[in-house]
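This report concerns only the one structure given below.
Residue numbers (my numbering), protein chains in the order written: chain G, 1 to 622; chain U, 623 to 735.
Rendered as structure tokens:
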């Protein structure tokens, strides 16, 4: 159990260690673009500062240094701390440029160093003082900074405070300022595990990176940033390749300079020169190993720890060193005679303890050329199994009683090994009708490719169109340098029951389909109204007959007693019949039952009474 | 053969007209009327078709039901059958007739659509 847990932890650590490599850095063209942006003509002292100092960080310099110096001196306002800061810092970057200093200047700058100025003011004053070679009291500065940080708790202020600390004497007691690096790092936002940046933006992140490394170098303490964090910061700072403002460009230049040249952590960028492909003609794998500014790391040594085939998992190479030539690291991979395919390279860069992201995974493709050998075309009669071999060229006529067969082998030109590329197709194309049928040729267990065409069976694919078909063999794969499209032969196919060659059955799959007309339910056939009316009259006629018969029989209502119950009964009964009619036309069952209950009970009572009276009359009972 | 049939029929008719009371003849006339109506409805259905079927059924069953109830009434008020219906007086028979008809009409009207 413990072993399992331990190995799991180890595995996670191992995976984690290999997890992150920088996805962004400044390529040579990016650096050139940055330099071009920083080389804009100056508009004011601030822009002059950004340009001059930024360029110096990139190892370049302004076009005309003398001009720049004059500009600085002309634009200087000796009463303003900001102005003094820009001029002083810029003049330091230019050789032979000195800003005149007076006692007044010194007093103004020293006065700015207090708890009442903002951190930016303190920073600019301290930097100006240090650049102009004026003395300053480091402890006082620290005190002021600490007090200000407590009041201005935002990212930019703390970063500026860190920058200020880099200008102080190394013996100063920096106190809590060093811890601020770690606190600020905790405030970074992790985006998808790839980017680490402040929500204040790119400039804030870049300035933080610069400050952290500059201060760490100054106090000779390793910055509290983990390797993964460094890589994520690299990704964030260098993901943007065009910069909106001079100050943003300046911050990126400073960050790049800090990351490529500090005492503790230098991220290394490894990329293949050109596509990561080797072949017989180009057996050398070339790698570029640089820092974030695309400066090659000449002191590094690059070693392939293992090269493993992706498909077969065979390890081809272990611990093979790259040789350095003209700033590019090279390895001749073909000497190990790898089979064609993809290989996973695990590359380690050593030689400098500062290197970060020094373990890189690289996918290398080994491509080769294919040749077709042992091609056999034959026509086999279905009844026999022995084929008649015919020559490769010429036209063959086949009909439905025969099968057409083709076998061949695909071999690697250089090694003679049998290959099974991804695409091996046999295409039959009818020139006249434009029909095209494609089949797949499959290899058997001995890597011998076989294609058999049973003409009778496949006639539906050809739409039973007889004619001349050109036969092409298509071979292709990602690792093949010479994909093949070879017109092997022309064959004449004859189908027995041929359809009219007029219509090419163009696939009407994507054309609108014929409309479906909805058939509504046809109403039932009704008899003509005349017939219905006639029969209605006919059906009602027996009633007349009834009346006549009753009359003849002498039925009468002479015995009708006008007692209230009799009247009520007859009225009620008539109402009930009327209710039936109303039910038919207007009501539903429930309403009818309701009315029926009322009328019915009345009628019943009345009727009961009436009939009782009748019975009394008849039988003389009481 | 046919002679005996004719003689039977004529004898029957004679006995009928003399022996049956007026009351029963009235009911018989009513029954004859119902029969005719039902027959005519059936004829119509045969000739023209069963559309609408529910109406035909309602009408036909109404005739059939009415005929049956009429027959019941006739049986119950026939003095010759008094022995079989000791508890049921004529008035009672008539009342039953009316009640049954109410129910029949309710059903028929519901079904006639």
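Cβ coordinates follow ideal geometry from the N, Cα and C atoms, glycine included.
#### Entry: Exposure of residue 216 of chain G, with buried meaning 16 or more beta-carbon neighbours within 10 Å
Buried, since its Cβ has 16 or more Cβ neighbours within 10 Å.
### Task
Flag residue 171 of chain G as yes when its Cβ comes closer than 6 Å to any non-hydrogen atom of the ligand COA, and as no otherwise.
Among the components modelled here there is no ligand, and therefore nothing to report on the ligand COA.
### Query
Taking the alpha-carbon positions, what's the residue 104 of chain G to residue 117 of chain G distance?
C-alpha separation (whole angstroms): 18 Å.
#### Entry: Proximity test, Cβ basis, 7 Å: residue 722 of chain U and chain G
No, because no Cβ of chain G sits closer than 7 Å to the Cβ of residue 722 of chain U.
### Query
Quick one: which chain U residues come within Cβ less than 7 Å of residue 605 of chain G?
Chain U residues near residue 605 of chain G: none, gap ~12 Å exceeds 7 Å.
### Task
Determine the direct distance from the alpha carbon of residue 638 of chain U to that of residue 549 of chain G, and round the result to whole angstroms.
Each residue's alpha carbon lies about 15 Å from the other.
### Simplified DSSP state of residue 486 of chain G, which is helix, strand or coil
Strand.
### Query
Among G/410, G/405 and G/124, which residue has its Cα nearest to the Cα of residue 484 of chain G?
Nearest C-alpha to residue 484 of chain G: G/410.
#### Entry: Near-chain G residues of the region 634-655 of chain U - C-beta to any C-beta below 8 Å
If the cut-off is 8 Å between Cβ atoms, the region 634-655 of chain U has 644, 647, 648, 651, 652, 654 and 655 near chain G.
### Task
Please classify residue 467 of chain G: does DSSP put it in a helix, a strand, or coil?
In this structure, residue 467 of chain G counts as strand in the three-state DSSP scheme.
### Query
Can you tell me whether residue 242 of chain G is buried or exposed, with buried defined as 16 or more other CB within 10 angstroms of its CB?
Within 10 angstroms of the beta-carbon of residue 242 of chain G lie fewer than 16 other beta-carbons, which makes it exposed.
### Task
Check each residue of the region 695-712 of chain U: if its Cβ is closer than 7 Å to any Cβ of chain G, include it; give the result in chain order.
Here the close residues are 711.
### Query
For residue 191 of chain G, which residues does DSSP report across the bridge?
Bridge partners of residue 191 of chain G: G/195.
### Query
I think residue 223 of chain G touches residue 22 of chain G, with their Cβ atoms under 8 Å apart; what is that distance to the nearest whole Å?
Not a contact, Cβ separation roughly 17 Å.
### Query
Which first and last residues belong to the beta strand (DSSP E) in which residue 307 of chain G is found?
In the DSSP annotation of this structure, the continuous segment of the beta strand (DSSP E) that includes residue 307 of chain G starts and ends at 301-309.
### Message
Rounded to the nearest angstrom, what separates residue 605 of chain G and residue 569 of chain G at their Cα positions?
### Response
When the Cα atoms are used, residue 605 of chain G and residue 569 of chain G turn out to be separated by approximately 8 Å.
### Query
How about residue 475 of chain G and residue 421 of chain G: do their beta carbons lie closer than 7 Å?
Yes.
### Message
I need the straight-line Cα distance from residue 180 of chain G to residue 336 of chain G, nearest angstrom please.
### Response
Roughly 52 Å separates the two Cα atoms.
### Query
So, does the CB of residue 583 of chain G fall closer than 7 Å to a CB anywhere in chain U?
For residue 583 of chain G, the answer is yes, since a Cβ of chain U falls inside 7 Å of its Cβ.
### Task
Would you list the one or two residues that DSSP bridges to residue 341 of chain G?
Beta-bridge pairing links residue 341 of chain G to G/366.
### Task
Please decide whether residue 500 of chain G counts as near chain U, where near means a Cβ-Cβ distance under 7 Å.
Confidence is the limiting factor: at residue 500 of chain G the pLDDT is only 49, short of 50, which leaves the residue's position unreliable, though a coordinate-based value still follows. No, residue 500 of chain G does not count as interfacial toward chain U.
### C-beta neighbour in chain U for residue 503 of chain G, strict 7 Å
Residue placement at residue 503 of chain G is poorly supported in this model, since its pLDDT is 48, which falls under 50; the coordinates still yield a value, given next. Output row for residue 503 of chain G: interface = no.
### Task
Find the residues of chain G that neighbour residue 732 of chain U, judging by a C-beta separation of less than 7 Å, and give them in chain order.
Within 7 Å Cβ-Cβ: 589.
### Residues that residue 717 of chain U contacts on chain G, provided the C-beta gap is smaller than 9 Å
At a C-beta separation below 9 Å, residue 717 of chain U has these neighbours in chain G: 604, 607, 608 and 611.
#### Entry: First through last residue of the alpha helix (DSSP H) which encompasses residue 525 of chain G
First-last for residue 525 of chain G: undefined, no H or E at that position.
### Query
Along chain U, in chain order, which residues have C-beta atoms closer than 8 Å to that of residue 520 of chain G?
Residue 520 of chain G does not reach chain U, its nearest Cβ partner there being about 17 Å away, counting only Cβ pairs nearer than 8 Å.
### Task
Please compile the residues from chain U whose C-beta is within a distance smaller than 7 Å of the C-beta of residue 615 of chain G.
Here the neighbours are 711 and 713.
### Residue burial classification, residue 416 of chain G (beta-carbon count within 10 angstroms, cutoff 16)
Here residue 416 of chain G is exposed. Its C-beta has fewer than 16 other C-beta atoms within 10 Å.
### Message
For a contact defined as C-beta to C-beta under 8 Å, what are the partners of residue 554 of chain G on chain U?
### Response
Result: 644.
### Query
Can you give the Cα-Cα distance for residue 726 of chain U and residue 713 of chain U, rounded to whole angstroms?
Near 20 Å, if we compare the C-alpha coordinates of residue 713 of chain U and residue 726 of chain U.
### Task
Measure how close the beta-carbons of residue 25 of chain G and residue 269 of chain G come, nearest whole angstrom, since I'm counting them as under 8 Å.
The Cβ separation is near 5 Å, so the contact holds.
#### Entry: residue 427 of chain G, DSSP secondary structure in three states
Correct three-state label for residue 427 of chain G: strand.
### Message
Applying the 10 Å Cβ sphere with the 16-neighbour rule, what's the burial state of residue 368 of chain G?
### Response
For residue 368 of chain G, the number of other beta carbons within 10 angstroms of its own is at least 16, and it is reported as buried.
### Task
Could you tell me whether any Cβ in chain U is nearer than 7 Å to the Cβ of residue 683 of chain G?
Summary: the structure shown does not reach residue 683 of chain G, with chain G confined to residues 1 through 622, and so no result is reported for it.
### Query
Exposed or buried, residue 492 of chain G, counting other C-beta atoms within 10 Å across all chains shown (16 or more means buried)?
Residue environment analysis places residue 492 of chain G among the exposed positions, since fewer than 16 neighbouring C-beta atoms fall within 10 angstroms of its C-beta.
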